[in-house]
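Novice:
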């Protein structure tokens, strides 16, 4: 029970990475082996995640080359479709 709680906390702490990337099942296998001295297969990792109430999502939390500055600059580009922009939408 304590090990499941510790694993759950590890998943919470490492599932969203500030620089992007993913928490992989193989990473969990390695963590469990090192922390608890127990060997798990990848299939059993997915079962364990389900047991802990997690769903396995394969998308990245953030692209590794994502730039906040570029994203903000892109948001400021006028495309002529904003009904709340008086300069862009003229009848």
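Numbering (this note's numbering), first residue to last: 1018 to 1108. C-beta: ideal position from N, C-alpha, C; glycine also.
So, at 6 Å on beta carbons, what are the nonlocal neighbours of residue 1040 in its own chain, with the 5 sequence-adjacent residues on each side left out?
Specialist: Numbered from its first residue, the chain shown carries residue 1040 at position 23. Cβ within range, chain order: 1031, 1032.
Novice: When the Cα atoms are used, what is the spatial distance from residue 1094 to residue 1042?
Specialist: By one-based count along the chain shown, residue 1094 stands at place 77. By one-based count along the chain shown, residue 1042 stands at place 25. Cα to Cα, the separation comes out at about 39 Å.
Novice: Which same chain residues, not among the five before or five after residue 1056, have their C-beta less than 7 Å away from its C-beta?
Specialist: Indexing the chain shown from 1 puts residue 1056 at position 39. Excluding residues within five positions, the ones whose Cβ falls inside 7 Å are 1050.
Novice: Expressed to the nearest angstrom, what Euclidean distance is found between the alpha-carbon atoms of residue 1069 and residue 1063?
Specialist: As a working note, residue 1069 is residue 52 in the chain shown. As a working note, residue 1063 is residue 46 in the chain shown. Roughly 10 Å between the two C-alpha positions.
Novice: Taking Cβ to Cβ, would you say residue 1053 is nearer than 8 Å to residue 1026?
Specialist: Counted from its first residue, the chain shown places residue 1053 at position 36. Counted from its first residue, the chain shown places residue 1026 at position 9. Contact: no.
Novice: Starting from the C-beta of residue 1061, find all residues in its chain whose C-beta is less than 7 Å away, skip the five residues before and the five after it, and write them out in chain order.
Specialist: The sequence position of residue 1061 within the chain shown is 44, counting from 1. Cβ neighbours of residue 1061 beyond the five flanking positions: none.
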